[in-house]
Every structure is written in structure tokens, then in C-alpha cells.
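Undergrad: Starting off with a structure, shown below.
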Amino acid sequence: GGGAGTPVAGTSPEHPFAARNSIRNVEEQFNELRPRLALHFPFELDAFQQEAVLHLEGGRSVFVAAHTSAGKTVVAEYAFALATRHCTRAIYTSPIKTISNQKFRDFSAKFEVGLLTGDVQVRPTAPCLIMTTEILRSMLYKGADLIRDVEVVVFDEVHYVNDVDRGVVWEEVIIMLPPHITLVLLSATVPNVMDFADWVGRTKRKVIHVTGTTKRPVPLEHSLYHAGELYPICSREVFNPEGVRRAQAAYKARNDPQQGSYGGGG
């Protein structure tokens, strides 16, 4: 809840409808909630997952921007579990049919799930529905009855909103969704997360709570490959200029015109 009139913890004058770190004592509150969780996981949740769960329990909309492999799906599963507990309906939508099909298989193990894509309709009356964003848009255009029963909509891979062709579908869906629906936005890490969350919040006239990871759980290593050799240039997010220098030196040695070889070895 909350709007521009009553600033919510974690919002700023620049982003009055997007809040970050709006729960101060996440772990403490989560431990208090633990016995009453709508879904128990066989592993300990990370702080960003705990924070998202607390927001969902409070009926607040969330934007989870996390690196690949960090576990954003946990948040989607919890939204499904809450809707199941409240005897309402939940919708999970993604831009890509193969993701929808995969999530249908994953979620079917825990929930009563239906799948609606351009190609197939499986159990369309199930309380939890997985569909492409286009299908959700046409439901909203038609004023489909089921939207009345929906408590939460999960938008996965929401960074696709930047996609020139498909982005408009998201925008329309976000604009058309009734105000009673909680939004769960899942995204890869994007630089303008607060701007985007603030736009959604402004559009829906409610604060969006932003949470996520700041670094990858599985760190990447970057190397330059040249002439059969690997030169490490970045490890654990620390740039290594020595690797670049060594690669440049190797390139020069191979391509020095004085050696009589012109542009060989590339």
C-alpha cells in the first residue's frame, strides 16, 4: 500500500513508488513467520527471498531483480502457495513459450496447475495458471471472468519489457490489471530497476518493493582467447589488467609487420 502522500520506508523523492530495503529486520520477521509459512522449502532461503516472502504475506507487490541461478522461482512458488491457501487464483506469465512449458512441469509437482499458450490448453480451470503474456493480454481485453478471482500475477523475465516488439504487451497488461491484484515481477539484474519499479508503481498507484541479489551466486570468470591461449582478465568480479597486457603482447608478437607476417594468427 501507500502512495506519494505517505512516503513508505525505503522510497525516495526520486522514486516515490519504488522501495528498497523497506523491511529492516528481515531475518527476525521471517523466523517469526516460519511456523505459518504457506510453503516450506528444503533449504534455507536467502535474505532477498525471505524479504520477498514477507512482502507477499503482507499483500505487497514485489520486484525481484536477481542474477541467473540465484533462485527467483522460489518467489513465484510462494505466490502460488499463498493463492492456494487463500482459495484464490494465481497467474504465472513469461514471454517465452518454452519457459511456460518448463514451469508447468516444475510447478505441477507442488500445485494444481493449468497451462494456456497459443498451442495448448491444459486444465484451464485450475487455480494456478501458467500462460504467455499475450494470452493474459487477450483475457484482459475480453474482460474474462477468471481475472476477478486472481490474487497475484507473476511476471517472469520482465527485463523483456525492453524488447522492441514484445515490450508493449507487458506494458498493456500491467496497465490493464485490476488494482486488487498483487504483482510479482522477476527479472535478471537490470541497471534501471528502480526506474522500472517506480513506473509500475506509478501506473498501479501502489508502492513496488524491490529486492534481489547484488552479485552472482556462481561467480563468472572472463578470459581473452588468442592463438590457442587463454588470458584471464576478470575473476570474482575483479578486473585483471595484467591479463589484457599479456594478451596484447602476444597479439603484437604474432602480428608484428617486422616479422614479415601481415595480420596472421588472428
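All residue numbers for the sequence shown refer to the working numbering, where the first residue is 934 and numbers rise by one.
Virtual Cβ for every residue (Gly too), placed ideally from N, Cα, C.
Just to confirm, is the Cβ distance from isoleucine 901 to histidine 1155 under 8 Å?
TA: Look at the range of the chain in this structure, 934 to 1199, and you will see that residue 901 is not part of it.
Undergrad: Would you kindly work out how many angstroms separate the C-alpha atoms of lysine 1005 and leucine 1157, rounded to a whole number?
TA: 31 Å
Undergrad: Quickly, what does DSSP pair histidine 1155 with across the bridge? List them, please.
TA: Cys1167
Undergrad: Out of Asp979, Met1064, Glu947, which one is the CA nearest neighbour of methionine 1038?
TA: The sequence shown places arginine at residue 1038, rather than the methionine named in the question. Answer by Cα proximity: Met1064.
Undergrad: So what's valine 1117 in DSSP terms, helix, strand or just coil?
TA: strand
Undergrad: Please specify which runs of the beta strand (DSSP E), each continuous and at least 3 residues long, are wholly inside the region 1120 to 1147, giving them in chain order.
TA: 1141 to 1145
Undergrad: To the nearest angstrom, how far is the alpha carbon of glycine 934 from that of arginine 953?
TA: The predicted position of glycine 934 is uncertain, since its pLDDT is 47 and thus under 50; no value can be drawn from it.
Undergrad: What residue range is occupied by the uninterrupted alpha helix (DSSP H) comprising leucine 1073?
TA: 1066 to 1075
Undergrad: Contact defined as beta carbons within less than 8 Å: I believe leucine 1118 pairs with valine 1091. What is the distance between those atoms, to the nearest angstrom?
TA: Right, their Cβ atoms sit about 5 Å apart.
Undergrad: Considering only heavy atoms of the ligand COA, does any lie closer than 7 Å to the CB of valine 941?
TA: The ligand COA is absent from the structure shown, which contains no ligand whatsoever.
Undergrad: Ignoring anything shorter than 4 residues, give me the alpha helix (DSSP H) runs that lie fully in the region 960 to 1029, in order along the chain.
TA: 980 to 990, 1006 to 1018
Undergrad: Which of helix, strand or coil does DSSP assign to glycine 1051?
TA: coil
Undergrad: Please tell me whether leucine 989 and alanine 1009 are closer than 8 Å, where the distance is taken between their beta carbons.
TA: no
Undergrad: Apart from the five residues just before and just after threonine 1122, which ones in its own chain have a Cβ nearer than 6 Å to its Cβ?
TA: Around threonine 1122: Ala998, His1000.
Undergrad: Mind checking phenylalanine 1172: buried by the 16 CB within 10 Å criterion, or exposed?
TA: exposed
Undergrad: Would you kindly report the start and end of the unbroken alpha helix (DSSP H) that includes valine 1177?
TA: 1174 to 1188
Undergrad: Only counting the same chain, and skipping five residues up and downstream in sequence, which positions put a Cβ closer than 6 Å to that of glutamate 1105?
TA: The residues are Arg1070.
Undergrad: From which residue to which residue does the beta strand (DSSP E) around glutamate 1105 run?
TA: Per DSSP, glutamate 1105 belongs to no beta strand (DSSP E); it is in the alpha helix (DSSP H), 1100 to 1109.
Undergrad: Drop a sphere of 10 angstroms on the beta-carbon of glycine 1199, count the other beta-carbons inside from all chains shown, and report buried for 16 or more, exposed for fewer.
TA: Summary for glycine 1199: the model assigns pLDDT 47, below 50, so the residue's position carries little reliability, and this model does not support an answer.
Undergrad: Using the rule of at least 16 other Cβ atoms within 10 Å of the residue's Cβ for burial, across every protein chain shown, is serine 1027 buried or exposed?
TA: buried
Undergrad: If you follow the beta strand (DSSP E) that valine 1086 is part of, which residue opens it and which one closes it?
TA: Element bounds for valine 1086: 1083 to 1088.
Undergrad: For my contact list, proline 1057 and alanine 1016 are in at a C-beta cut-off of 8 Å; report their separation, rounded to the angstrom.
TA: Going by Cβ atoms, the distance from proline 1057 to alanine 1016 rounds to 16 Å, so no, they are not a contact pair.
Undergrad: For glutamate 1162, which beta-bridge partners are listed by DSSP?
TA: Answer is His1159.
Undergrad: Report back the beta-carbon spacing between alanine 985 and threonine 1144 to the nearest angstrom; my notes put them in contact at under 8 Å.
TA: 5 Å
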